[in-house]
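Structure, as structure tokens:
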Amino acid sequence: MRVDVADDRISIAVVLSAPQEDAWRLLTETGHIRAWWGDHVSLDARPGGALREVWSNGRREVVTAGLVTRLEPPRLLAMSWADDDWPGETEVSFALEEKDGGTQLLLVHSGWGIHPPERRSGLMEAHAQGWGGHIERLARRAQGIR
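Each residue of the sequence shown is one higher than the one before, counting from 910 in my numbering.
Here's what the structure looks like:
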């Protein structure tokens, strides 16, 4: 897995050991999403469908929400993304491409310029770590999907 944090975007690339159709199911079906992302996440994977993630940062409950902005099965899922105390939205995309008998997944989380510079770096690092953990669990789940 390769994780890059630069400028206004987080990029994570990994090759999943599953065919592209199966990788798509991992990203879009409720049972799979709950297994790798968590029971606290709901995603209606259709154009305009809602994303909702309720979690705790140790001090308070946080709601992350968004809408599916692009859906091109089985290769692209994109959505808006914002915590309830953010000044605006960012964008998260998952792109899938067949590679080496598996599927290349590229996650890009962009639009961090909505945050003031003094807050941006910390938020981006925290999200890079969080996404990294989720993508590791997704990759493990992909190994057993066949």
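Ideal Cβ positions, reconstructed from N, Cα and C, are used throughout, including at glycine.
Taking the alpha carbon of residue i as the point to measure from, which residue in the options has its own alpha carbon closest?
i            : options                  : result
residue 995  : 1008, 983 and 1022       : 1022
residue 933  : 1036, 1025, 987 and 1031 : 987
residue 993  : 964, 923 and 1018        : 964
residue 1001 : 1051, 1033 and 1009      : 1033
residue 1014 : 1020, 1031, 1041 and 978 : 1041
residue 1004 : 937, 914, 971 and 916    : 937
residue 971  : 956, 977, 949 and 983    : 949
Name, in chain order, the residues that DSSP records as bridge partners for residue i.
i            : result
residue 1011 : 1008
residue 1047 : None; residue 1047 has no bridge partner.
residue 911  : 922
residue 951  : 961
Per DSSP, what kind of secondary structure is residue i in: helix, strand or coil?
i            : result
residue 1036 : helix
residue 1018 : strand
residue 959  : strand
residue 1023 : helix
Indicate whether residue i and residue j have their beta-carbon atoms separated by less than 8 angstroms.
i           : j            : result
residue 919 : residue 1036 : yes
residue 954 : residue 980  : yes
residue 889 : residue 1044 : Not covered by the structure: residue 889. The range shown for the chain is 910 to 1055.
residue 997 : residue 924  : no
At the 8 angstroms Cβ level, is residue i part of the contact set with chain B, yes or no?
i           : result
residue 982 : The question asks about chain B, but that chain is absent: this structure has only one protein chain.
Problem set entry | Uninterrupted alpha helix (DSSP H) stretches inside the region 913-943 (no shorter than 4 residues) | 929-937
Exercise. What are the complete beta strand (DSSP E) segments, minimum 3 residues, inside the region 961-1002?
Worked result: 970-981 and 985-992
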